[in-house]
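Protein chains: 2
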Amino acid sequence: MQLVLLSGGSGKRLWPLSNNARSKQFLALLEKEDGGMESMVQRVVRQARAAQLTNDITLATNASQLDIITNQLGDTVSVVTEPERRDTFPAIALAASYLKFTKGCNDDEVVVIMPCDPYTEAGYFHTIAKMVQCVERNVADLVLMGITPTYPSVKYGYVVPAAQVSGDKFQSSGYLKVSRFTEKPSVEVAKALLKQHALWNGGVFAFRLDYMMSTVKKYIQSESFEDTRARYQEFPKISFDYEVAEKAESVAVVPFTGQWKDLGTWNTLTDELHHPIIGNAIMGTHCENTHVINELQHSIYVDGLKNVIVAACPDGILVCSKEHSEEIKKAVENLTPRLMYEERRWGTYRVLDDSTYEGGQHSLTKSITLNPGKNISYQIHHHRSEVWTFVEGKGIFVLNGVEQRVTAGDTVIIPAEHYHAIKALSKLTFIEVQSGNRLVEEDIEKFEWNWSE
Amino acid sequence: MQLVLLSGGSGKRLWPLSNNARSKQFLALLEKEDGGMESMVQRVVRQARAAQLTNDITLATNASQLDIITNQLGDTVSVVTEPERRDTFPAIALAASYLKFTKGCNDDEVVVIMPCDPYTEAGYFHTIAKMVQCVERNVADLVLMGITPTYPSVKYGYVVPAAQVSGDKFQSSGYLKVSRFTEKPSVEVAKALLKQHALWNGGVFAFRLDYMMSTVKKYIQSESFEDTRARYQEFPKISFDYEVAEKAESVAVVPFTGQWKDLGTWNTLTDELHHPIIGNAIMGTHCENTHVINELQHSIYVDGLKNVIVAACPDGILVCSKEHSEEIKKAVENLTPRLMYEERRWGTYRVLDDSTYEGGQHSLTKSITLNPGKNISYQIHHHRSEVWTFVEGKGIFVLNGVEQRVTAGDTVIIPAEHYHAIKALSKLTFIEVQSGNRLVEEDIEKFEWNWSE
Numbered sequence: 168m169q170l171v172l173l174s175g176g177s178g179k180r181l182w183p184l185s186n187n188a189r190s191k192q193f194l195a196l197l198e199k200e201d202g203g204m205e206s207m208v209q210r211v212v213r214q215a216r217a218a219q220l221t222n223d224i225t226l227a228t229n230a231s232q233l234d235i236i237t238n239q240l241g242d243t244v245s246v247v248t249e250p251e252r253r254d255t256f257p258a259i260a261l262a263a264s265y266l267k268f269t270k271g272c273n274d275d276e277v278v279v280i281m282p283c284d285p286y287t288e289a290g291y292f293h294t295i296a297k298m299v300q301c302v303e304r305n306v307a308d309l310v311l312m313g314i315t316p317t318y319p320s321v322k323y324g325y326v327v328p329a330a331q332v333s334g335d336k337f338q339s340s341g342y343l344k345v346s347r348f349t350e351k352p353s354v355e356v357a358k359a360l361l362k363q364h365a366l367w368n369g370g371v372f373a374f375r376l377d378y379m380m381s382t383v384k385k386y387i388q389s390e391s392f393e394d395t396r397a398r399y400q401e402f403p404k405i406s407f408d409y410e411v412a413e414k415a416e417s418v419a420v421v422p423f424t425g426q427w428k429d430l431g432t433w434n435t436l437t438d439e440l441h442h443p444i445i446g447n448a449i450m451g452t453h454c455e456n457t458h459v460i461n462e463l464q465h466s467i468y469v470d471g472l473k474n475v476i477v478a479a480c481p482d483g484i485l486v487c488s489k490e491h492s493e494e495i496k497k498a499v500e501n502l503t504p505r506l507m508y509e510e511r512r513w514g515t516y517r518v519l520d521d522s523t524y525e526g527g528q529h530s531l532t533k534s535i536t537l538n539p540g541k542n543i544s545y546q547i548h549h550h551r552s553e554v555w556t557f558v559e560g561k562g563i564f565v566l567n568g569v570e571q572r573v574t575a576g577d578t579v580i581i582p583a584e585h586y587h588a589i590k591a592l593s594k595l596t597f598i599e600v601q602s603g604n605r606l607v608e609e610d611i612e613k614f615e616w617n618w619s620e
Numbered sequence: 168m169q170l171v172l173l174s175g176g177s178g179k180r181l182w183p184l185s186n187n188a189r190s191k192q193f194l195a196l197l198e199k200e201d202g203g204m205e206s207m208v209q210r211v212v213r214q215a216r217a218a219q220l221t222n223d224i225t226l227a228t229n230a231s232q233l234d235i236i237t238n239q240l241g242d243t244v245s246v247v248t249e250p251e252r253r254d255t256f257p258a259i260a261l262a263a264s265y266l267k268f269t270k271g272c273n274d275d276e277v278v279v280i281m282p283c284d285p286y287t288e289a290g291y292f293h294t295i296a297k298m299v300q301c302v303e304r305n306v307a308d309l310v311l312m313g314i315t316p317t318y319p320s321v322k323y324g325y326v327v328p329a330a331q332v333s334g335d336k337f338q339s340s341g342y343l344k345v346s347r348f349t350e351k352p353s354v355e356v357a358k359a360l361l362k363q364h365a366l367w368n369g370g371v372f373a374f375r376l377d378y379m380m381s382t383v384k385k386y387i388q389s390e391s392f393e394d395t396r397a398r399y400q401e402f403p404k405i406s407f408d409y410e411v412a413e414k415a416e417s418v419a420v421v422p423f424t425g426q427w428k429d430l431g432t433w434n435t436l437t438d439e440l441h442h443p444i445i446g447n448a449i450m451g452t453h454c455e456n457t458h459v460i461n462e463l464q465h466s467i468y469v470d471g472l473k474n475v476i477v478a479a480c481p482d483g484i485l486v487c488s489k490e491h492s493e494e495i496k497k498a499v500e501n502l503t504p505r506l507m508y509e510e511r512r513w514g515t516y517r518v519l520d521d522s523t524y525e526g527g528q529h530s531l532t533k534s535i536t537l538n539p540g541k542n543i544s545y546q547i548h549h550h551r552s553e554v555w556t557f558v559e560g561k562g563i564f565v566l567n568g569v570e571q572r573v574t575a576g577d578t579v580i581i582p583a584e585h586y587h588a589i590k591a592l593s594k595l596t597f598i599e600v601q602s603g604n605r606l607v608e609e610d611i612e613k614f615e616w617n618w619s620e
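Going down the list, the protein sequences come from chains A and B.
What the first sequence shows, in our numbering, is residues 168 to 620, in sequence order.
What the second sequence shows, in our numbering, is residues 168 to 620, in sequence order.
Put into structure tokens, the structure is as follows:
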């Protein structure tokens with residue numbers, strides 16, 4: 168069985184912590200049993216493994232998330248990146264092509280698609296196991312998870328089960344047949360749906376690989392993943408629900424009744440935090456239902472606040488009543504054009520200072536940390552010089568084709584147009600001072616370097 | 168006439184903006200008529216000059232404030248620094264000795280002592296002019312300003328006027344004679360004092376120089392300022408009110424009825440801010456009586472807050488209801504041992520990053536700006552190396568006795584035990600990366616350098 172986690176989103180609803188490179192599912196804000204912290208996607212992968220569902224996990228995502236996924240999940244998962252953002256059908260079609268052509272899965276392999284970030288419990292994964300059985304027993308072509316509604320929500324799609332027919336394969340196997348789907352309804356319609364025992368569509372789907380591939384072939388007939396990916400724009404921009412689920416002839420739904428939440432706003436997220444403070448902060452005695460998340464070095468002191476979220480990180484500082492925290496997305500749309508913190512495949516960086524001076528001179532100062540064994544590619548910049556002062560660890564630095572060992576205390580100067588690369592032999596941190604008149608991430612040209620060790 | 172401004176205080180009631188080096192009177196938060204910003208002490212000096220009181224202004228302060236006073240007021244004022252903190256009598260005695268011995272003032276020169284940071288209006292300085300006249304006309308040895316009380320405060324000392332005696336010199340000259348002083352009273356006593364037309368003691372005193380010097384001589388008989396300063400600890404730790412005012416035989420008081428405030432807490436300070444936002448911040452539409460002061464580069468977004476102060480600067484971030492903002496002083500006492508921002512005689516610095524790594528290695532990254540023509544002294548450090556990358560302006564850099572021109576884009580490496588200095592030829596900014604195992608301001612040994620230009 169193959170598990171595919173859909174990882175999309177670039178929302179700013181959890182600004183300043185979430186940005187275009189760090190979507191909400193990558194925020195390490197959830198406490199593990201051992202007291203350590205994990206992100207939503209790390210939690211889901213851990214839960215899937217704990218439920219012994221499968222070891223074959225594939226993340227379907229876009230290119231901008233590749234580095235952070237590698238950083239958070241290492242090489243233990245496969246990653247399929249869309250060449251552009253389209254919709255859920257193309258994303259799942261591409262993942263299916265990857266399983267078929269690159270991973271060489273059999274046609275009758277069961278594939279489960281799920282979001283990468285539901286905040287849920289072990290029962291959710293046991294429900295997935297039941298969905299897999301339903302496919303394996305050929306009860307239906309497509310099996311969905313139905314979340315038992317707790318209120319007549321207008322935000323979710325609904326799955327309406329059919330009346331049970333005595334003796335049909337659904338009834339005899341204990342599964343519910345799906346009668347129809349309803350997209351986000353009005354409150355009145357939602358109330359009526361609840362009376363009909365309708366379930367929320369949780370975006371979890373199980374099917375055999377060849378079932379999906381038959382739909383893929385309607386748009387792209389190919390025998391390779393690379394070719395399919397190259398022709399990605401030939402897939403229509405349509406959701407999996409419209410293109411596959413609503414057209415399927417035989418659809419079953421397996422209900423799930425346990426905890427299931429979208430921690431997509433500060434309001435819902437802070438409900439699940441074990442402690443009111445994450446990071447360097449002090450809370451006075453006059454606070455009520457107030458949370459502070461501080462990823463900055465600066466000390467934070469809060470007092471006299473009620474129902475407030477304070478979130479501080481290199482991208483910015485939010486101080487907002489939880490009540491109004493859902494409105495921030497639009498307000499902060501254009502607030503931070505430059506990413507001030509990024510997790511990359513090789514480690515992380517933080518912008519310490521970004522200043523422009525009289526005469527147009529510009530400087531950008533970063534703290535950059537490489538994980539042991541990782542390297543930053545051999546590259547040149549046309550518009551800036553860089554000065555690196557190593558403050559932790561050991562590494563190999565390359566300048567214009569010559570390797571040298573570097574260690575904490577060393578400084579290297581890299582003028583514009585000079586070829587350079589760095590590899591960490593242990594955890595390696597340096598302070599980088601960029602200066603020039605055009606300091607943008609795009610000013611980079613990459614080359615190959617064969618490391619001597 | 169000589170005006171002496173007493174500049175004391177190291178409080179953290181305006182944390183994080185105020186710290187041991189930047190007391191509240193130096194915060195540039197008040198808007199001038201031209202839209203620029205000024206600090207409380209800059210405002211008082213500007214007002215005194217606008218009232219054409221005098222050009223002879225002396226700041227009586229402690230050594231830790233010398234740099235910031237020089238930075239904010241330049242060479243237009245004299246500065247007398249106490250060798251240690253004692254009380255207001257020794258501070259005023261030292262200032263009097265400075266006027267007498269160093270500045271060579273005559274014995275009958277009128278001296279006015281006032282706090283450096285009252286938030287007040289032109290009438291305050293006109294009242295001072297009346298006090299000077301009162302001394303000049305020999306109506307009293309000591310003349311005080313009495314602030315007309317607006318409520319029975321228990322925080323202030325009171326000056327109780329004597330009943331007017333028909334035909335005496337006070338009555339005939341239009342001044343009030345002082346009957347007695349009362350220190351911070353109970354509410355009941357304060358109410359009774361108001362009925363007796365008592366005034367608040369605003370800490371403004373006028374006297375002739377020889378009057379003060381006669382008291383100075385009771386403790387230190389000297390003919391030089393340097394000698395008096397060297398023997399500073401021989402002065403008793405006592406306030407001017409106890410040592411001089413309460414013992415004086417002939418005391419007058421001149422009432423002042425206009426605006427007079429101590430902007431010493433976030434609550435009182437934010438009342439006087441013209442705009443709810445200073446610095447880089449966005450306020451949503453659901454805020455009420457909320458102020459944001461942001462000295463960081465990070466964007467701040469606030470919404471849904473009522474009666475809240477948000478203050479962010481390199482020393483920390485405060486988010487507090489105005490109601491509880493007076494309690495922060497104790498809470499933040501030990502929060503920021505290192506100063507993260509300082510105004511020095513040569514310019515300013517900001518700490519960008521302060522990190523300790525595995526193995527005890529430490530790095531400290533600063534942005535340092537020198538004002539044109541200023542220099543940092545010739546010095547060595549024993550425990551750290553420094554790397555300076557110049558990002559703005561031009562200067563002269565000295566390394567082990569050799570001068571060289573530096574300009575934006577240049578980098579210099581200064582190993583431990585290497586002598587170095589820098590002088591700005593124009594506004595000069597560089598990013599400094601310190602590394603070593605003991606990064607403290609105290610690791611410095613200073614020497615003389617004769618600049619070639």
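Using N, Cα and C, we set each Cβ at its ideal position, and we do this for glycine too.
Contacts of residue 483 of chain B in chain A (Cβ-Cβ under 7 Å) = 465, 466, 467 and 468
Would you mind working out which of B:501, B:189, B:384 and B:291 sits nearest residue 217 of chain B, comparing C-alpha positions?
-> B:291
Cβ-Cβ separation, residue 215 of chain A to residue 224 of chain A (assumed contact under 8 Å), whole Å = 7 Å
Checking contacts by CB at 7 Å: is residue 589 of chain A closer than that to chain B?
-> no
Got a sec, what are the start and stop residues for the beta strand (DSSP E) residue 480 of chain A sits in?
-> 475 to 480
Report the neighbours of residue 524 of chain A on chain B: residues whose CB is nearer than 7 Å to its CB, in chain order.
-> 558, 559 and 596
Please go through the segment 190 to 252 of chain B and give each complete beta strand (DSSP E) segment of 3 or more residues, from N-terminal end onward.
-> 224 to 229 and 245 to 249
How big is the Cα-Cα spacing for residue 416 of chain B and residue 307 of chain B?
-> 8 Å
Are residue 383 of chain B and residue 311 of chain B close, meaning C-beta to C-beta below 7 Å?
-> no
What is the DSSP secondary structure of residue 301 of chain B, reduced to helix, strand or coil?
-> helix
Consult DSSP for residue 437 of chain A and reduce its assignment to one of helix, strand or coil.
-> helix
Between the Cα of residue 182 of chain B and the Cα atoms of B:346, B:477 and B:556, which residue gives the shortest distance?
-> B:477
Could you tell me how far apart the beta carbons of residue 283 of chain A and residue 173 of chain A are, in whole angstroms, since I believe they sit closer than 8 Å?
-> 6 Å
DSSP beta-bridge partners for residue 588 of chain B?
-> B:565
With a floor of 3 residues, list each beta strand (DSSP E) that falls wholly inside the segment 506 to 583 of chain B, ordered by position along the chain.
-> 508 to 511, 514 to 523, 529 to 537, 542 to 547, 551 to 559, 561 to 566, 569 to 574 and 578 to 581
Since residue 471 of chain B meets chain A, which of its residues come closer than 7 Å, beta carbon to beta carbon?
-> 487, 488, 490 and 491
Quick one: measure Cβ to Cβ for residue 407 of chain A and residue 256 of chain A, integer angstroms, because I've assumed they're closer than 8 Å.
-> 5 Å
Leaving out five residues on either side along the sequence, give the residues of the same chain with a beta carbon under 8 Å from the beta carbon of residue 335 of chain B.
-> 344
Hey, could you find the ends of the beta strand (DSSP E) residue 172 of chain B is sitting in?
-> 169 to 173
Under 9 Å between beta-carbons, which chain B residues line up against residue 194 of chain A? List them in chain order, please.
-> In chain order: nothing, as chain B lies at least about 17 Å away.
How long is the line joining the alpha carbons of residue 556 of chain B and residue 250 of chain B, rounded to whole angstroms?
-> 36 Å
Segments of 4+ residues assigned as alpha helix (DSSP H) that fall wholly inside the segment 347 to 378 of chain B = 354 to 362
For residue 525 of chain A, the nearest candidate out of B:575, B:448 and B:542 (CA to CA) = B:575
Closer than 7 Å by beta-carbon distance: list the chain A residues that pair up with residue 580 of chain B, in chain order.
-> 578
Is residue 520 of chain B close to chain A, meaning its C-beta is less than 7 Å from at least one C-beta of that chain?
-> yes
Which runs of the alpha helix (DSSP H), 4 residues or longer, sit entirely within the segment 384 to 454 of chain A?
-> 392 to 397, 407 to 410 and 433 to 438
Tell me which same chain residues have a C-beta within less than 6 Å of the C-beta of residue 561 of chain A, skipping the five on either side of it?
-> 574, 592 and 593
Helix, strand or coil at residue 595 of chain A according to DSSP, with G and I counted as helix = strand
Does DSSP put residue 493 of chain A in a helix, in a strand, or in coil?
-> helix
Say whether chain B places a C-beta atom closer than 7 Å to the C-beta of residue 550 of chain A.
-> no
Per DSSP, residue 285 of chain B is paired with what?
-> B:429
Can you name the start and end residues of the beta strand (DSSP E) that residue 485 of chain A belongs to?
-> 483 to 488
So, are the CB atoms of residue 316 of chain A and residue 361 of chain A less than 7 Å apart?
-> yes
For the alpha helix (DSSP H) containing residue 337 of chain B, list its first residue and its last residue.
-> 336 to 340
CB contact check: residue 382 of chain B to chain A, cutoff 7 Å = no
Have a look at the DSSP bridge pairing and note the partners of residue 464 of chain A.
-> Residue 464 of chain A is not bridged to any residue.
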